[in-house]
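Colleague: Position one of the sequence shown corresponds to residue 1 (the UniProt record's numbering), numbered consecutively onward. Note that CB positions come from ideal geometry on N, CA and C, so glycine has one too. Take this structure first; my questions come after.
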Amino acid sequence: MLGSMLKGQVAPWSSFPFPFGWVTGYVAILVGAGMTIIVQSSSVFTSAITPLVAYPLSLGSNIGTTASVLAAMASPGDRRANALQISLVHFLFNISGIPLWYPVPCTRIPIRLAKGLGNVTASHRWFAVVYIVLCFFLLPLVVFSLSLAGRSVLVGVGAPLLTMLLIILLINILQKRKPVFLPPGLRSWSFLPLWARSLDPWDRVVEVFTAMCCCWCKCCHLAAAVEQERPEQRAAEREQQERQQRGGHEPCDVGRDAGGK
């Protein structure tokens, strides 16, 4: 809803008239770079433009983060060379992504990948968490561990895995576009078990795990509540016992007093 509202507001300025429509994306890149330099945070800017789903603005935001070159120039003299070197590497790395992934429409692979991940996440909500943990924590940790073991270990383990992933990707592309080039057994993944070719069985696993976690949390809360009630219950029991003891001794004292009199 927010995206449609914002798009409606900015629609008159979303593209240049013919024949300058192709310039719109590049102007948006410059706007994204400028706004990121102004707010000094690509995260703030990209989160603000998320409803617009503006790919060029995101590219411009990446360029805007390279304004650290200006900060590097203000470093002390003995550190200026290293600071400029790192900032220029950052600048050239982000700039090189634009000619690779934007000018030619068929090379805009990140857009298609983002749409695919979005569609999968819309059907399987847990996939976003698994993707973040896998790609931003486990995979870098594995690569870093293999690199510590030596280049031969890294190449020996990484090369077969990378080759297998490329073969799977090639088979997927051929299955969708040119299945006749594949043998009959590889024209679909039906020969694999369901858990290896679909995320639906994993939905049930996640549901069971979530139910177990919820049950465990409820049990923990119940145990904590019981632990909190126990001191109060014990205090009440002690008071009741003391009252019973006092109530039991009082008649005896009264009888003893009466007998003495």
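Among Thr65, Ala54 and Trp22, which has the Cα closest to the Cα of valine 39?
Modeller: Answer by Cα proximity: Thr65.
Colleague: If valine 104 sits next to glycine 60, beta carbons under 8 Å apart, how far is it from one beta carbon to the other, in whole angstroms?
Modeller: With a Cβ gap of about 18 Å, valine 104 and glycine 60 do not count as contacting.
Colleague: Quick check on this structure: which residue in Val153, Ser188 and Leu154 has the alpha carbon closest to the alpha carbon of leucine 169?
Modeller: Closest by alpha carbon: Ser188.
Colleague: Comparing alpha-carbon positions, which option in Asn94, Ala48, Gly118 and Gln245 lies nearest residue 309?
Modeller: Because the chain in this structure spans residues 1 to 261, residue 309 falls outside the shown range and cannot be described.
Colleague: Quick check: the Cα distance between arginine 79 and leucine 92, rounded to an integer number of angstroms?
Modeller: Rounded to the nearest angstrom, the two C-alpha atoms are 20 Å apart.
Colleague: On the premise that alanine 48 lies in contact with alanine 28, defined as a C-beta separation below 8 Å, what is that separation, rounded to the nearest angstrom?
Modeller: Contact flag wrong, Cβ pair sits at about 14 Å.
Colleague: Quick test of your reading: alanine 72 and serine 58, contact by CB under 8 Å. State the CB separation rounded to the nearest angstrom.
Modeller: Not a contact, Cβ separation roughly 24 Å.
Colleague: Within 8 Å, do at least three Cβ pairs link the stretch 98–118 to the stretch 174–189?
Modeller: Cβ pair count under 8 Å is below three, so no.
Colleague: In whole angstroms, what is the alpha-carbon distance linking threonine 121 and glutamine 240?
Modeller: Rounded to whole angstroms, threonine 121 to glutamine 240 spans 59 Å at the Cα level.
Colleague: Pick helix, strand or coil for valine 31, following the three-state DSSP scheme.
Modeller: Helix, per DSSP.
Colleague: Got a sec, what are the start and stop residues for the alpha helix (DSSP H) arginine 112 sits in?
Modeller: Element bounds for arginine 112: 109–123.
Colleague: Does any CB atom of chain C fall closer than 9 Å to the CB of aspartate 78?
Modeller: In the structure shown, chain C does not exist; there is a single protein chain.
Colleague: Please report the distance separating the alpha-carbon of alanine 33 from that of glycine 25.
Modeller: Answer to the nearest angstrom: the Cα atoms are 12 Å apart.
Colleague: Kindly indicate which three-state DSSP category phenylalanine 191 falls into: helix, strand or coil?
Modeller: Coil, per DSSP.
Colleague: In whole angstroms, what separates the C-alpha of valine 208 from that of histidine 90?
Modeller: Cα to Cα, valine 208 sits roughly 45 Å from histidine 90.
Colleague: Cα-Cα, which of Ile37, Val142, Val206 and Pro160 is closest to residue 273?
Modeller: Nothing can be reported for residue 273: it is not among the residues displayed for the chain, which extend from 1 to 261.
Colleague: What are the boundary residues of the alpha helix (DSSP H) that includes phenylalanine 93?
Modeller: Its alpha helix (DSSP H) spans residues 80–101.
Colleague: Enumerate in chain order the residues of its own chain whose CB-to-CB distance from leucine 161 is below 6 Å, with the five nearest sequence positions on each side excluded.
Modeller: Cβ neighbours of leucine 161 beyond the five flanking positions: none.
Colleague: Taking only three categories from DSSP, how would you classify glycine 77?
Modeller: DSSP places glycine 77 in coil when its eight states are reduced to three.
Colleague: Measure the beta-carbon distance from residue 267 to isoleucine 171 and round it to whole angstroms, keeping in mind my assumption that it falls under 8 Å.
Modeller: Past the boundaries of the shown model lies residue 267; the chain is included only from 1 to 261, so the question cannot be answered.
Colleague: Pick helix, strand or coil for lysine 178, following the three-state DSSP scheme.
Modeller: It is coil, neither helix nor strand.
Colleague: Under 9 Å, do tryptophan 126 and valine 180 count as touching if we go by C-beta distance?
Modeller: For tryptophan 126 and valine 180, no; Cβs fall outside 9 Å.
Colleague: Nearest to valine 143 by CA position, among Val130, Ile132, Met35 and Val157, is which residue?
Modeller: Selected option, being the one with the closest Cα: Val157.
Colleague: I'd like to know whether the C-beta atoms of histidine 124 and tryptophan 195 end up nearer to each other than 9 Å.
Modeller: Contact flag unset, no.
Colleague: Does DSSP put lysine 7 in a helix, in a strand, or in coil?
Modeller: Legend: pLDDT at lysine 7 = 49, less than 50; position of this residue unreliable, no value from coordinates given.
Colleague: Tell me whether isoleucine 132 is buried or exposed, calling it buried when 16 or more other Cβ atoms sit within 10 Å of its Cβ.
Modeller: Classification of isoleucine 132: exposed, given that the 10 Å Cβ count is below 16.
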